[in-house]
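Okay, structure first, notes after.
In my numbering, the protein residues as written are 98 to 665.
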């Protein structure tokens, strides 16, 4: 195992020599002879919110024609809590249809992604994003990424306060380098350019990506325990009292490497609202100084904590904070899914939850979601809120406007949530093929046909209304959080997946490997037998994952530190 004294990884060397994330990105963009950027710059551009990709469906054809791969770029936004105005939605829609592949993608971290942007349009696209008062800085890379928050923070003043803390935290942990503004927005360089002080991140930033979320019980729609850092809002009599602090979550793993594993965050204490930023900074800087910079597979905070031990890491955070953390306070999560349809807010406004399959906003046949949401944005006076489950809330709708929005929803096929089965409403999928370089199998493109076959088997056992959570990922990195699915499918090879079973519906228990490297007929046969047992032997109200654990079909050991629950 790598130690803190081992030589730094190649990515660490690239960051150290990058002049605060500038590298040779400007030169790469100016090189018209290739659709790609230089190798080192592919690492640095992540900090600017973009990944270089190529269309893997075309690789062999282009290789045969002696052409370079069909390179393009994905751009991800930094949108704390996934909140945008109707005007911003229209601007992002225009960007998607002008520069990208004509679709918007809503991610599992409440951000937008644009796919298929070619290099010569990359700068213009990022400039257009910034003109909408959205940006992409720190949306990827070894920094704190988009801060998540429960998707309905408009139900009370306390919910609004939690969102405001998420927004403030995103700003507090944003890198200080001016590289983004110089390269993409033509900001004039000043003295000290390339040597800016990074008081939180230091000159080489974090050892690996860092994810933060804020949840508002009883909803865990951000899958808080999957994050490096989590804040659980404690609300009493409608007033925000503070947050329980959880550290050490992360779902990435690598096939065949037992050193890597998904892990849930553990609660270490409580913090009043005014100390949230200080606690976050203490956790981030502890990971900055103590994380593994030699082996990127072992660089996430979860491995730092497991190497040091949770008590030692907590003590280090408290040392940096300058005070001990008070004991965590009781809370309870009920589920990690989204709510669909109309929900009334505290101020008389209404909020409409819509299902967006795989988060892909596109015009396809009768489902003209892009056009429909464009039409809604033109009349909507509230805002749009992305959920952590790839769905959308049209928030702050006046009672008098509900009928008009309902009409547009129905006309454009956006009312899928009214017809979809529970398993379809709860399903998640990552992008996977053809653009993700890490994907080993299909996910987004396979989700709908797979769900149709699973729905057939559920119906055969009178389980059509069972709210089972299914998640599919094209690789073990887990962008769709498959390890928290009651049914998780993790891509192993084209058409083959590891079948993971046994998570709960609250996002507080990981699933476990049940069958390895199996194809669709084997997956369906295995699930069919389990559905039959579930239909026959379940307790009233018992979830599928809970049944699998109770019945001994899946052996799930207790986590080292159970999330704090109120006494029964």
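From the three backbone atoms N, C-alpha and C, an ideal C-beta is built for every residue, glycine too.
query                                                                                                                    : result
Anticipated Cβ contact below 8 Å, residue 348 with residue 575, distance rounded                                         : 4 Å
Backbone CA spacing between residue 173 and residue 232 [nearest angstrom]                                               : 9 Å
Exposure label - residue 441; buried when at least 16 CB within 10 Å                                                     : exposed
Assumed close pair residue 352, residue 234 - CB separation to whole angstroms, cut-off 8 Å                              : Incorrect: roughly 32 Å between the Cβ atoms, too far for contact.
Own chain partners of residue 436 with C-beta closer than 6 Å, once the 5 adjacent residues on each side are dropped     : 450
C-alpha gap between residue 514 and residue 482, whole angstroms                                                         : 17 Å
Short CB-CB distance (under 8 Å) between residue 232 and chain C                                                         : No chain C is part of this structure, which consists of one protein chain only.
Start-end ranges of the alpha helix (DSSP H) lying completely within the region 346-392, minimum 4 residues              : 373-387
Segments of 4+ residues assigned as alpha helix (DSSP H) that fall wholly inside the region 435-482                      : 466-476
Inter-residue Cα distance where the pair is residue 662 and residue 127                                                  : Bear in mind that the predicted position of residue 662 carries a pLDDT of just 40, short of 50, making it too unreliable to give a figure here.
Sequence-distant residues of its chain with Cβ nearer than 8 Å to residue 138 (five each side left out)                  : 120, 121, 122 and 125
Sequence-distant residues of the same chain with beta carbon closer than 8 Å to residue 590, five excluded per side      : 537, 538 and 614
Nearest-angstrom Cα separation, counted from residue 462 out to residue 104                                              : 54 Å
Pick from 505, 395, 159 and 222 that is closest to residue 475, judged by C-alpha positions                              : 505
Under 8 Å between C-beta atoms of residue 567 and residue 584                                                            : yes
Backbone CA spacing between residue 416 and residue 356 [nearest angstrom]                                               : 29 Å
Where residue 558 falls: helix, strand or coil (DSSP)                                                                    : coil
Proximity winner among 259, 582, 516 and 310, relative to residue 602 (alpha-carbon distances)                           : 582
8 Å contact criterion, which residue 132 and residue 168 should meet: CB distance rounded                                : 4 Å
CB of residue 540 within 8 Å of CB of residue 526, strictly                                                              : yes
Residue 305 vs residue 239 beta-carbon contact at 8 Å                                                                    : yes
Closest residue to residue 176 among 155, 358, 135 and 266 (Cα-Cα distance)                                              : 266
Residue 410 versus residue 400 - alpha carbon distance                                                                   : 11 Å
Residue 638 classed as buried or exposed, judged by whether at least 16 other C-beta atoms fall within 10 angstroms      : exposed
Simplified DSSP assignment, three categories, for residue 327                                                            : strand
Spatial distance of residue 344 from residue 157 (CA atoms)                                                              : 44 Å
Proximity below 8 Å, CB of residue 412 to CB of residue 364                                                              : no
C-alpha distance - residue 362 paired with residue 129, whole-angstrom precision                                         : 46 Å
Endpoints, the beta strand (DSSP E) within which residue 223 is located                                                  : Careful: residue 223 lies outside any beta strand (DSSP E), inside the alpha helix (DSSP H) at 216-228.
Beta-bridge partners of residue 203, as assigned by DSSP                                                                 : 209
Residue closest to residue 229, alpha-carbon to alpha-carbon, out of 530, 594, 579 and 191                               : 191
Nonlocal neighbours in the same chain, by C-beta distance under 7 Å from residue 220, ignoring five residues either side : 126 and 281
N-terminal and C-terminal residue of the beta strand (DSSP E) that residue 611 is part of                                : 609-615
Beta-carbon separation (whole angstroms), residue 547 vs residue 153, contact threshold 8 Å                              : That pair is no contact at about 20 Å.
Residue 185, buried or exposed, once every other Cβ within 10 Å from all chains shown has been counted against 16        : buried
Buried/exposed call for residue 217, threshold 16 Cβ in 10 Å                                                             : exposed
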